[in-house]
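Using the numbering used here, read the sequence shown as starting at 12 and increasing by one per residue.
First up is the structure itself, then whatever we jot down about it.
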Amino acid sequence: MTGRPGPGGRYGENLFEPENPQEAERIDAAALVYDPFTTRRLHALDPGPGSRCLEVGAGTGTVVRWLLEEVGAGEVVALDRDTGALEALAGPRVRVISADLRDESLDLGSFDLIHARFVLMHLPERRQLVSRLARWLGPGGWLVLGDAVEVPSLLETSSAYRRTMDAMWQALKSSIGTDTSDVPAYPRLLREEGLQNVAGELFCPPLVAGGPLARFWSETWNRMRPALEETGQVDSAVIDAAVAYLASPQLAELGPGMAMAWGQRP
Numbered sequence: 012m013t014g015r016p017g018p019g020g021r022y023g024e025n026l027f028e029p030e031n032p033q034e035a036e037r038i039d040a041a042a043l044v045y046d047p048f049t050t051r052r053l054h055a056l057d058p059g060p061g062s063r064c065l066e067v068g069a070g071t072g073t074v075v076r077w078l079l080e081e082v083g084a085g086e087v088v089a090l091d092r093d094t095g096a097l098e099a100l101a102g103p104r105v106r107v108i109s110a111d112l113r114d115e116s117l118d119l120g121s122f123d124l125i126h127a128r129f130v131l132m133h134l135p136e137r138r139q140l141v142s143r144l145a146r147w148l149g150p151g152g153w154l155v156l157g158d159a160v161e162v163p164s165l166l167e168t169s170s171a172y173r174r175t176m177d178a179m180w181q182a183l184k185s186s187i188g189t190d191t192s193d194v195p196a197y198p199r200l201l202r203e204e205g206l207q208n209v210a211g212e213l214f215c216p217p218l219v220a221g222g223p224l225a226r227f228w229s230e231t232w233n234r235m236r237p238a239l240e241e242t243g244q245v246d247s248a249v250i251d252a253a254v255a256y257l258a259s260p261q262l263a264e265l266g267p268g269m270a271m272a273w274g275q276r277p
């Protein structure tokens, strides 16, 4: 990262370049942890065979594949700004679209299921985008939002792990506008959009030394080193200690979780 683009910058261009050979591996490490939780919820909402689904921020396509194979979706629209990892999925039942969700000219039609995971938290226009996604629901359609929430320990605020995690959130906010503070309000936002059967839940996956989530955070922090140090909260030695801790048998943390909220168009 060179310089500070300021809030409203772009996730991929400013921090995690999609052409980096480790990016797909980093994304898939998180998917290993969060996909089972996500798909259990989507399965419970039962979009049904033949449904038309929109996957916002489709990444490497793990949820797209699940919608095809397990739900029997009639069509899945896979939307992402960077679709290099999705092109191989394109076919009669998968429409891959390279676009920015914030593009006001974007018109994708209506859907039976819309899912966005770890997307809106990175976009300062998130409130308007919730409204937009809700408008794209067909009658009976479900909107499912999932974003990160922090549950930090108040007993340990100066460890290398805590300082590095806090520096990461600060760097994300100052560079691209990431903000998780209103994620717990998602159920209320969905209700404000006129959706029914609104509910939510919180999933805090175990942070296990050397496990996929620990690998995700380790790779994330290593890739963000310049941005982390720019915050002034950490230096290279602190980051090294935090990364080593993620692989250590001494690891004992309740890492960031994911809050999911959903609602149905009448």
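All C-beta atoms, glycine included, are put in the ideal place defined by N, C-alpha and C.
- Query: Looking at Leu154 and Leu140, is the spacing between their C-beta atoms short of 8 Å?
  - Reply: Taking C-beta atoms as the reference points, Leu140 and Leu154 fail to come closer than 8 Å.
- Task: Could you tell me whether the Cβ of Asp251 comes closer than 8 Å to any Cβ of chain B?
- Result: Among the chains in the structure shown there is no chain B, since it carries only a single protein chain.
- Task: Take Leu239 as the anchor and find which of Glu204, Glu34, Glu264 and Met176 has the nearest alpha-carbon.
- Result: When Glu204, Glu34, Glu264 and Met176 are compared, the shortest CA-CA separation from Leu239 is found for Met176.
- Query: Ala210 by DSSP, collapsed to three states: which one?
  - Reply: DSSP places Ala210 in strand when its eight states are reduced to three.
- Query: According to DSSP, which residues form a beta bridge with Met269?
  - Reply: Per the DSSP secondary-structure output, Met269 pairs in a beta bridge with Ala159 and Phe214.
- On the three-state DSSP scale, how would you describe Glu36? Per DSSP, reduced to three states, the secondary structure at Glu36 is helical.
- Task: Decide if Gly274 is buried, meaning its Cβ has at least 16 other Cβ atoms within 10 Å, or exposed.
- Result: Buried, by the Cβ-count rule.
- Query: Do Leu119 and Trp147 have their C-beta atoms closer together than 8 Å?
  - Reply: Yes, they are a contact pair.
- Message: Out of Asp190, Ser164, Gly102 and Ile250, which one is the CA nearest neighbour of Pro135?
- Response: Measuring from the Cα of Pro135, the nearest candidate turns out to be Asp190.
- Item | Burial state of Ala272, where buried means 16 or more other Cβ atoms lie within 10 Å | It counts as buried.
- Query: Taking C-alpha atoms, which residue in Ile125, Ser192, Tyr256 and Arg106 lies nearest to Cys64?
  - Reply: Minimum Cα distance to Cys64 is reached at Ile125.
- Item | Buried/exposed call for Leu213, threshold 16 Cβ in 10 Å | Within a 10 Å sphere around the beta-carbon of Leu213 sit fewer than 16 other beta-carbons, which makes this residue exposed.
- Query: Who does Phe122 pair with in a DSSP beta bridge?
  - Reply: Answer is Leu148.
- Task: Taking the CB atoms as reference points, tell me whether Val87 and Glu98 lie closer together than 8 Å.
- Result: Inclusion of Val87 and Glu98 in the CB contact set at 8 Å is not warranted, their separation being larger than that value.
- Item | the stretch 241-252 contacting the stretch 201-218, beta-carbon criterion three pairs below 8 Å | Contact between the stretch 241-252 and the stretch 201-218 is absent, because fewer than three Cβ pairs lie under 8 Å.
- Message: For the alpha helix (DSSP H) containing Ala238, name the first residue and the last one.
- Response: Looking at the DSSP string, the run of the alpha helix (DSSP H) that includes Ala238 is Arg236 to Glu241.
- Message: In this structure, how does DSSP classify Ala263 when only helix, strand and coil are distinguished?
- Response: DSSP places Ala263 in coil when its eight states are reduced to three.
- Message: Mapping the DSSP letters down to three states, classify Glu204 as helix, strand or coil.
- Response: Note: Glu204 maps to coil in three-state DSSP.
- Item | Nearest-angstrom Cα separation, counted from Pro195 out to Pro260 | Roughly 32 Å between the two C-alpha positions.
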